[in-house]
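Engineer: Protein chains in written order, with our numbering: chain A, 1 to 327; chain B, 328 to 657. Every residue, glycine too, gets a C-beta built ideally from N, C-alpha and C. Computed from a prediction, not measured in an experiment: that's the story for all the values here.
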Amino acid sequence: MNLPIAIARRVGYALILLLAVLVLNFTLLHLAPGDIAETIVGESGGASKEMLAKIRKDYGLDLPFHEQLLNYLDRVAQGDFGHSLFFDQPVTELIFEKLVPTLLLVISSLFIAIVFGTFLGVFAARRPSGLLSQLITVLALLGYALPVFWTGIMLVILFASLIPIFPTSGMDSGPLGASGVGYIWEVLHHMTLPVVTLSTIYLAFYSRLSRASMMDVLGADYIRTARAKGLSEQIVIFKHALRNAVLPVVTFAGLQFGALFSGAVLVENVFSWPGLGTLAFESILRRDTPTLLGILFFSALVVIIANLLTDLAYRLIDPRIKTGAKA
Amino acid sequence: MTALLEVNGLSVEFDLKDGTVSRVINDLNFSLTAGQTLGIVGESGCGKSMTALAIMGLVPMPPGRVADGVIALAGEDLLGASESRRREVRGNDVSMIFQEPMTSLNPVYTIGDQIGETVRLHQGLSRRDARERAVDMLRAVSIPAPEKRVDEYPHQLSGGMRQRVMIAMALACQPQVLIADEPTTALDVTVQAQIFDLLKELQEQTSSAIILITHDMGAIAEMAQRVVVMYAGRKVEEALVDEMLTNPKHPYTRGLIACVPHLEAKPSEERKVLTEIPGVVPSVAELGRGGCPFAPRCAEAMDRCHDEMPPEIIAAHDHKVACWMHVMAP
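1. Would you identify the three-state DSSP class for B:K647, choosing helix, strand or coil?
2. Starting from the N-terminal side, write out each stretch of the beta strand (DSSP E) that is 3 residues or longer and does not extend beyond the stretch 520 to 560 of chain B.
3. Can you tell me where the alpha helix (DSSP H) with A:V250 in it begins and where it stops?
4. Please return the same chain residues whose Cβ sits closer than 6 Å to the Cβ of B:G418, not counting the five positions on each side in sequence.
5. Are the beta-carbon atoms of A:G263 and A:L309 separated by less than 9 Å?
6. So, for A:Y144: in the same chain, excluding its five sequence neighbours on each side, which residues have a beta-carbon less than 8 Å away from its beta-carbon?
7. Please look up how many angstroms separate the CB atoms of A:L22 and A:F261, rounded, as I've assumed it's under 8 Å.
8. At the 9 Å Cβ level, is A:T118 part of the contact set with chain B, yes or no?
9. Please name the residue, chosen from B:S376, B:M629 and B:G606, that lies closest to B:I540 on a Cα-to-Cα basis.
10. If you draw a straight line from the C-alpha of B:I641 to the C-alpha of B:V421, how long is it?
11. Determine the DSSP secondary structure at A:F159, reduced to helix, strand or coil.
12. Just confirm the distance between the C-beta atoms of A:V267 and A:F281, as a whole number of angstroms; I'd bet it's less than 8 Å.
13. Kindly examine the ligand ZN and report whether one of its heavy atoms sits closer than 8 Å to the Cβ of B:A513.
14. Give the interface partners of A:Y222 over in chain B, defined as CB-CB distance under 8 Å, in chain order.
15. Report the residue from A:I295, A:A14, A:R227 and A:V249 whose alpha carbon sits nearest the alpha carbon of B:N433.
16. Give the straight-line distance between the Cα atoms of B:G618 and B:L567, rounded to the nearest whole angstrom.
17. Quick one: is B:Q503 buried, meaning 16 or more other Cβ sit within 10 Å of its Cβ, or exposed?
18. Quick check on the DSSP output: the beta strand (DSSP E) that includes B:D342 runs from which residue to which?
19. I'd like to check one pair, B:H542 with B:A649: are the Cβ atoms closer than 9 Å?
20. With a threshold of 9 Å between beta-carbons, can A:G230 be considered close to chain E, or not?
21. Listing by chain order, which chain A residues have their CB less than 8 Å from the CB of B:L658?
22. Using the rule of at least 16 other Cβ atoms within 10 Å of the residue's Cβ for burial, across every protein chain shown, is A:W185 buried or exposed?
23. Which whole runs of the beta strand (DSSP E) in the stretch 392 to 464 of chain B are 3 residues long or more, in chain order?
24. Under the rule that 16 or more other beta-carbon atoms within 10 Å means buried, what is B:M629, buried or exposed?
25. According to DSSP, simplified to helix, strand and coil, what is B:V607?
26. Is B:D515 helix, strand or coil by DSSP?
27. Helix, strand or coil for A:A325 per DSSP?
28. For B:Q363 and B:L331, I'd like the C-alpha separation in whole angstroms.
29. Pull up the CB-CB distance for A:S109 and A:S199, whole angstroms please, since I reckon it's below 8 Å.
30. Give me the chain B residues within the contact set of A:I317, using Cβ-Cβ distance strictly less than 8 Å, ordered along the chain.
31. Name the two residues that bound the continuous alpha helix (DSSP H) containing B:G486.
32. Sorted by chain position, which residues of the same chain lie with C-beta nearer than 8 Å to A:L357's C-beta, five sequence neighbours on each side aside?
33. Could you name the residues of the same chain whose beta carbon sits closer than 8 Å to that of A:L18, not counting the 5 residues immediately before and after it, in chain order?
34. For A:V196, tell me which candidate among A:Y222, A:F159, A:R224 and A:V217 has the shortest Cα-Cα distance.
35. Please confirm whether B:N574 has its beta-carbon closer than 9 Å to some beta-carbon of chain A.
36. Please state whether DSSP places A:R56 in a helix, a strand or coil.
Here it is in structure tokens:
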């Protein structure tokens with residue numbers, strides 16, 4: 001099986017998965033207690049029974065469940081995710097607006113965790129019982145034990161009052177802020193704490209992982225061969241060993257992308273980051289079903305794309321993986 | 328002829344977990360001239376591979392270290408050389424083939440890459456010239472369709488093919504000394520013969536000296552001109568191959584030769600029971616006790632053997648042995 005077919009097959013699976021996500025989420029939210037019509041009415045300050053009935057009819061809420069579901073799927077197929085009840089904006093527009101800040105946060109965190117984690121792991125592997133190795137073990141333990149929101153709140157306390165060098169809320173300084181290059185700097189400044197919070201755990205995890213994997217690879221016969229060729233230690237480590245050692249890190253990064261995405265919900269709320277997480281939190285509180293469904297759909301889409309990219313990266317790094325699952 | 332490679336008084340020590348130090352190679356001497364094949368024989372754990380690693384400068388440090396001795400290549404002391412000089416020698420003047428062809432190639436690079444890497448490093452060839460050299464080398468080791476194979480990955484090749492690639496890689500810079508550490512142990516018997524033929528053929532073309540490390544006396548008979556028998560990190564006997572096979576002096580050497588199975592001419596004939604040497608090679612922790620290390624397994628051991636290490640004596644013309652039997656009864 002060649003690459004285009006493998007990709008086409010993956011995309012086919014992804015579409016089926018997305019359909020399942022839609023049906024499942026719609027059903028779950030339908031089962032949740034509470035009446036959407038009453039929520040809508042509540043926003044406008046209460047109304048009569050007739051008004052409620054009219055809203056139910058207008059929104060198709062009086063139809064049987066399966067018809068509501070089919071209507072929803074039909075609209076989604078046409079690219080219409082409905083209209084937000086609370087924000088009074090088309091859901092797609094709302095999500096695309098918030099998706100960029102979230103992706104910025106998540107991808108930066110992942111990038112930092114992978115790059116720094118791998119390098120720390122590589123250096124630690126050179127001295128398995130050295131200081132760096134032990135530090136990484138402690139960091140990994142801490143990273144795993146500390147919940148993301150707690151780390152976030154502690155950083156907020158630290159940098160809001162004690163050492164006020166990083167902003168602790170928002171993504172920019174608002175309308176009074178800079179523009180152009182200055183704006184980029186401003187965003188970088190604002191994202192420091194959220195990215196640190198989100199990446200710490202993964203950084204610790206990947207450094208542990210790459211340390212173990214690197215130690216394994218350094219004992220391999222082909223590393224001895226590389227040394228016997230007279231290659232310098234740098235080339236042995238960074239050309240011959242690293243490419244083999246990085247495979248488990250890539251696997252885990254792909255698998256954990258979803259977890260990272262949901263971790264972003266907490267971090268965004270702690271740092272008032274204007275992303276999907278904040279939006280999701282708001283729409284849960286407001287019972288904004290169309291928005292919530294849209295967010296869940298796009299999150300699933302992003303995770304599926306991330307897994308597809310992981311698969312491709314894996315094929316690029318390791319030539320032994322040519323075909324994926326055998327038919 | 329002057330020696331190309333000279334190993335003199337080589338000792339390698341390892342720090343053990345319990346804090347003691349073990350001499351895994353003890354006062355080893357041998358030399359090698361250009362175009363010659365020297366066989367080093369012994370069971371697993373006798374220090375053969377460690378000798379090879381010491382010559383390559385690849386003894387794992389820590390816990391190991393070369394404690395004493397001289398390793399000289401064409402008169403140049405390698406042990407005293409700087410690490411960068413050693414890297415220049417490694418893979419260029421002295422190269423090595425390992426016993427595990429299945430795992431000795433890096434799975435994520437093409438074989439062309441891996442062969443070409445050596446010549447690019449040592450001879451400064453361009454990427455394109457290195458690729459061409461890789462194709463030539465693959466042709467030299469009789470790999471069919473080398474232009475196509477050069478872009479393949481190790482997992483696409485069989486074990487025998489991979490060992491050919493390893494040989495191509497080791498010979499790409501036309502080294503003066505090639506160390507082959509059990510190059511055929513992991514391969515089929517028919518492939519073994521092919522690899523030996525290939526090594527002999529390439530040696531004739533390049534006049535490289537070969538150190539063949541093996542536990543197989545049959546391989547020695549086929550390949551080597553000179554043999555060093557090692558036991559527990561020491562040389563116990565050294566002679567030309569014909570002398571060694573016809574007139575072995577040390578009980579250990581006799582045991583090794585007796586271990587080679589023979590095909591009987593007539594299948595109906597009663598088959599001889601295959602001989603074995605009783606006992607096992609002493610472990611690293613047991614090295615360094617007084618007396619001949621082989622004494623506990625030796626059928627002919629005398630009291631003296633358990634107490635005192637026998638000196639190396641000349642037992643016949645160009646035939647050295649370290650055994651009390653020959654010291655006492657000349």
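Structural biologist: On the basis of the coordinates in this document:
1. Start at 1 with the first residue of the second sequence, and residue 647 of chain B comes out as number 320. It is a strand residue.
2. 536 to 541 and 553 to 558
3. Reading the first sequence from its first residue, position 250 is the one you call residue 250 of chain A. Its alpha helix (DSSP H) spans residues L247 to V270.
4. On the second sequence, residue 418 of chain B is found 91 positions in, with the first residue counted as 1. Here the set comprises T445.
5. Numbered from its first residue, the first sequence carries residue 263 of chain A at position 263. Numbered from its first residue, the first sequence carries residue 309 of chain A at position 309. Going by C-beta atoms, A:G263 is not nearer than 9 Å to A:L309.
6. Reading the first sequence from its first residue, position 144 is the one you call residue 144 of chain A. Excluding positions up to five away in sequence, the list reads I201, A204 and F205.
7. Taking the first sequence and counting its residues from 1, the one referred to as residue 22 of chain A is at position 22. Taking the first sequence and counting its residues from 1, the one referred to as residue 261 of chain A is at position 261. About 18 Å; that fails the 8 Å criterion.
8. Counting from 1 along the first sequence, the entry for residue 118 of chain A is found at position 118. No - not a single Cβ of chain B is within 9 Å of the one on A:T118.
9. Residue 540 of chain B sits at position 213 when you count from the first residue of the second sequence. The residue with the shortest Cα to Cα distance from B:I540 is B:S376.
10. One-based indexing of the second sequence puts residue 641 of chain B at position 314. One-based indexing of the second sequence puts residue 421 of chain B at position 94. So the two alpha carbons sit approximately 30 Å from each other.
11. As a position in the first sequence, residue 159 of chain A is number 159, starting the count at 1. Helix at A:F159.
12. As a position in the first sequence, residue 267 of chain A is number 267, starting the count at 1. As a position in the first sequence, residue 281 of chain A is number 281, starting the count at 1. The Cβ separation is near 11 Å, so there is no contact.
13. In terms of ligand content, the structure shown is empty, and the ligand ZN therefore cannot be addressed.
14. The sequence position of residue 222 of chain A within the first sequence is 222, counting from 1. Neighbours of A:Y222 on chain B, chain order: T430, S431, L432, N433 and P434.
15. As a first step, residue 433 of chain B must be located in the second sequence, where it is residue number 106. Cα-wise, what sits closest to B:N433 is A:R227.
16. Sequence index remark: in the second sequence, residue 618 of chain B carries index 291 (1-based). Sequence index remark: in the second sequence, residue 567 of chain B carries index 240 (1-based). Between B:G618 and B:L567, the C-alpha separation is close to 27 Å.
17. Here residue 503 of chain B refers to the residue found at position 176 of the second sequence. By the 10 Å Cβ count, B:Q503 comes out buried.
18. Taking the second sequence and counting its residues from 1, the one referred to as residue 342 of chain B is at position 15. Run containing B:D342: L332 to D342, per the beta strand (DSSP E) assignment.
19. Within the second sequence, residue 649 of chain B is the residue found at index 322, counting from 1. Within the second sequence, residue 542 of chain B is the residue found at index 215, counting from 1. Annotated as distal: B:A649 and B:H542, with beta-carbon spacing of 9 Å or more.
20. Among the protein chains in the structure shown, which are A and B, there is no chain E.
21. The question about residue 658 of chain B has no answer, for chain B in this structure spans 328 to 657.
22. Taking the first residue of the first sequence as position 1, residue 185 of chain A is located at position 185. Classification of A:W185: exposed, given that the 10 Å Cβ count is below 16.
23. Within the stretch 392 to 464 of chain B, the runs of beta strand (DSSP E) at least 3 residues long that lie entirely inside it are, in chain order, 421 to 424.
24. By one-based count along the second sequence, residue 629 of chain B stands at place 302. The residue is exposed, with fewer than 16 neighbouring Cβ atoms inside 10 Å.
25. Locating residue 607 of chain B in the second sequence gives position 280, counting from the first residue. Here B:V607 sits in coil by DSSP.
26. Position 188 of the second sequence holds residue 515 of chain B. Of the three classes helix, strand and coil, the one that applies to B:D515 here is coil, per DSSP.
27. Start at 1 with the first residue of the first sequence, and residue 325 of chain A comes out as number 325. Only weak support is given to the placement of A:A325: the predicted model assigns it a pLDDT of 39, under 50, and the value that follows is read from those uncertain coordinates. Coil at A:A325, not helix or strand.
28. For the purposes of this step, residue 363 of chain B is taken as the residue at position 36 of the second sequence. For the purposes of this step, residue 331 of chain B is taken as the residue at position 4 of the second sequence. Whole-angstrom Cα-Cα distance: 10 Å.
29. Along the first sequence, read from residue 1 onward, the residue named residue 109 of chain A stands at position 109. Along the first sequence, read from residue 1 onward, the residue named residue 199 of chain A stands at position 199. Between A:S199 and A:S109 the Cβ distance is about 4 Å, and since that is below 8 Å, they are a contact.
30. Taking the first residue of the first sequence as 1, we reach residue 317 of chain A at position 317. Residues of chain B whose Cβ lies closer than 8 Å to the Cβ of A:I317 are, in chain order, V435.
31. The residue you call residue 486 of chain B lines up with position 159 of the second sequence. G486 to L498 is the span of the alpha helix (DSSP H), which, as asked, contains B:G486.
32. Residue 357 of chain A is absent from the model: chain A starts at 1 and stops at 327.
33. Taking the first sequence and counting its residues from 1, one reaches residue 18 of chain A at position 18. Result list for A:L18: F297, A300, L301 and I304, in chain order.
34. Residue 196 of chain A sits at position 196 when you count from the first residue of the first sequence. Closest option to A:V196, Cα to Cα, is A:F159.
35. The sequence position of residue 574 of chain B within the second sequence is 247, counting from 1. Cβ-Cβ to chain A under 9 Å: no for B:N574.
36. Numbered from its first residue, the first sequence carries residue 56 of chain A at position 56. It is helical.
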